[in-house]
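Taken in sequence, the protein lines are chains A and B. Heads up: the first sequence begins at 814 in the working numbering, then just goes up one per residue. Heads up: the second sequence begins at 2 in the working numbering, then just goes up one per residue. A virtual CB, placed ideally from N, CA and C, is assigned to each residue, including glycine. Comments concern the structure below.
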Amino acid sequence: EAGVAQSPRYKIIEKRQSVAFWCNPISGHATLYWYQQILGQGPKLLIQFQNNGVVDDSQLPKDRFSAERLKGVDSTLKIQPAKLEDSAVYLCASSPGHLFAKNIQYFGAGTRLSVL
Amino acid sequence: QQQVKQSPQSLIVQKGGISIINCAYENTAFDYFPWYQQFPGKGPALLIAIRPDVSEKKEGRFTISFNKSAKQFSLHIMDSQPGDSATYFCAAVRGSGYSTLTFGKGTMLLVSP
């Protein structure tokens with residue numbers, strides 16, 4: 814079974830530039846998550862999708878961050894414009910979503926973003 | 002507000018020793034407590050998890066101890082090996098609605114040969 818795929822693995826941009834990250838979850842997983850992991854900290858949830866609908870985006874800085882999950886499969890996370898404090902690893906995770914396994918999340922390797 | 006507090010921040014254990022990582026939570030709505038293991042350059046991977054209706058769960062060399070009244074839980078790694086060197090995160094999940102993980106800050110474990 815293929816895991817969660819993310820690209821790119823690394824990205825370096827200057828502040829005020831735009832950047833986009835892509836995630837392809839495990840096939841058949843209904844729930845998709847984007848997390849921000851700042852160096853030395855645990856992942857922080859940015860947004861959670863159930864199929865193609867948003868169920869939690871309370872911690873997403875909506876003035877600069879946006880995300881979409883068209884057709885309920887892959888997803889993109891965009892930052893526009895980027896700030897220095899956005900330097901972090903952006904992790905995508907997916908979950909089967911059904912009651913039996915709804916708590917189990919599978920993570921991709923992440924995209925490491927450096928904002929200069 | 003940090004909902005899940007984890008300690009220590011870093012830990013060095015000799016090969017064959019016992020590694021112990023502790024976590025505490027405040028929100029009594031949490032009802033699922035997983036531990037994740039993360040190697041450099043990789044995403045976190047589920048290691049072991051427990052529900053609050055049991056006090057202990059063991060899987061191989063990994064054991065979770067859970068104290069519901071104290072709102073604390075801990076990970077014990079028996080016979081620690083150099084391959085266990087990684088960052089460990091405790092987490093908590095609210096029972097109702099969609100599962101949302103709240104992570105601790107992590108513990109960097111180094112097992113010396």
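Check your understanding: Rounded to a whole number of angstroms, what is the C-alpha to C-alpha distance between N865/A and S820/A?
Key -> Here the question's residue 865/A lines up with position 52 in the first sequence. Here the question's residue 820/A lines up with position 7 in the first sequence. N865/A and S820/A have their C-alpha atoms some 20 Å from each other.
Review point. For V14/B, which residues of its own chain have a beta-carbon under 6 Å away from its beta-carbon, when the five flanking residues on both sides are left out?
Key: Against the second sequence, residue 14/B aligns to sequence position 13. Excluding sequence neighbours, V14/B sits near S20, S81 and V112.
**Study point:** C-alpha gap between Y37/B and Q893/A, whole angstroms
**Key:** Along the second sequence, one-based indexing puts residue 37/B at 36. Along the first sequence, one-based indexing puts residue 893/A at 80. Roughly 31 Å between the two C-alpha positions.
Review point. Name the chain B residues whose beta carbon is nearer than 8 Å to that of Q849/A?
Key: In the first sequence, residue 849/A corresponds to position 36, counting from 1. For Q849/A, none of the residues of chain B pass the 8 Å Cβ criterion, the least Cβ distance being about 11 Å.
Check your understanding: Are the region 822-834 of chain A and the region 68-78 of chain B in contact at 8 Å, needing three or more beta carbon pairs?
Key -> no
Practice item. Would you be able to state if there are at least three C-beta pairs under 8 Å between the region 896-912 of chain A and the region 23-40 of chain B? Key: Not touching, per the Cβ criterion.
Exercise for review: Check whether the Cβ of L858/A lies closer than 8 Å to any Cβ atom in chain B.
Suggested key: As a first step, residue 858/A must be located in the first sequence, where it is residue number 45. At least one beta carbon of chain B lies nearer than 8 Å to the beta carbon of L858/A.
Review point. Is any beta-carbon of chain A found at less than 8 Å from that of P83/B?
Key: Position 82 of the second sequence holds residue 83/B. No, its Cβ sits nowhere closer than 8 Å to a Cβ of chain A.
**Study point:** Separation of P45/B from F920/A, as counted between CA atoms
**Key:** Within the first sequence, numbered from 1, the residue matching residue 920/A stands at position 107. Within the second sequence, numbered from 1, the residue matching residue 45/B stands at position 44. Looking at the two C-alpha atoms, the distance is approximately 6 Å.
Exercise for review: Look up E881/A in the DSSP assignment and say whether it is helix, strand or coil.
Suggested key: On the first sequence, residue 881/A is found 68 positions in, with the first residue counted as 1. When secondary structure is reduced to three states using DSSP, E881/A falls in the strand class.
Practice item. Starting from N916/A, find everything on chain B with Cβ-Cβ shorter than 8 Å and list it in chain order. Key: Translated into positions along the first sequence, residue 916/A becomes position 103. Under the 8 Å cutoff, chain B gives Y33, P35, A50, V94 and S100.
Point to revise | Cβ separation of P856/A and Q863/A, assumed to be a contact under 8 Å, to the nearest whole Å | key: Reading the first sequence from its first residue, position 43 is the one you call residue 856/A. Reading the first sequence from its first residue, position 50 is the one you call residue 863/A. Contact flag wrong, Cβ pair sits at about 19 Å.
Review point. How would you list, in chain order, the residues of chain A whose beta-carbon sits under 7 Å from the beta-carbon of K43/B?
Key: As a first step, residue 43/B is located in the second sequence; it is residue number 42 there, counting from the start. A922, listed in chain order.
Exercise for review: Verify the CB distance criterion: does D870/A have a CB-CB separation below 8 Å to chain B?
Suggested key: On the first sequence, position 57 is the one that residue 870/A refers to. Cβ-Cβ to chain B under 8 Å: no for D870/A.
Review point. Does the region 825-837 of chain A touch the region 50-68 of chain B, meaning 3 or more C-beta pairs lie closer than 8 Å?
Key: no
**Study point:** Candidates D870/A, K884/A and E827/A: closest to A843/A by CA position
**Key:** In the first sequence, residue 843/A corresponds to position 30, counting from 1. It is K884/A.
**Study point:** Between the CA atoms of E60/B and D54/B - distance to the nearest angstrom
**Key:** For this step, residue 54/B is matched to residue 53 along the second sequence. For this step, residue 60/B is matched to residue 59 along the second sequence. Roughly 17 Å between the two C-alpha positions.
Exercise for review: Measure the alpha-carbon distance for L845/A versus L873/A and round it to whole angstroms.
Suggested key: Stepping through the first sequence from its first residue, residue 845/A is reached at position 32. Stepping through the first sequence from its first residue, residue 873/A is reached at position 60. Taking the straight line from one Cα to the other gives about 15 Å.
**Study point:** A46/B: contacting residues in chain A (beta-carbon distance under 9 Å)
**Key:** Position 45 of the second sequence holds residue 46/B. Chain A residues near A46/B: Y919 and F920.
Practice item. Could you confirm whether any beta carbon from chain A is found closer than 8 Å to the beta carbon of F104/B? Key: Numbered from its first residue, the second sequence carries residue 104/B at position 103. Yes, F104/B counts as interfacial toward chain A.
Check your understanding: Of all the CB atoms in chain A, is at least one closer than 8 Å to the CB of G1/B?
Key -> Chain B is shown only over 2 to 114; residue 1/B falls outside these bounds and no answer can be derived.
Review point. Counting contacts by CB-CB distance shorter than 8 Å, is L890/A in contact with chain B?
Key: For the purposes of this step, residue 890/A is taken as the residue at position 77 of the first sequence. It does not: the Cβ of L890/A has no partner Cβ on chain B nearer than 8 Å.
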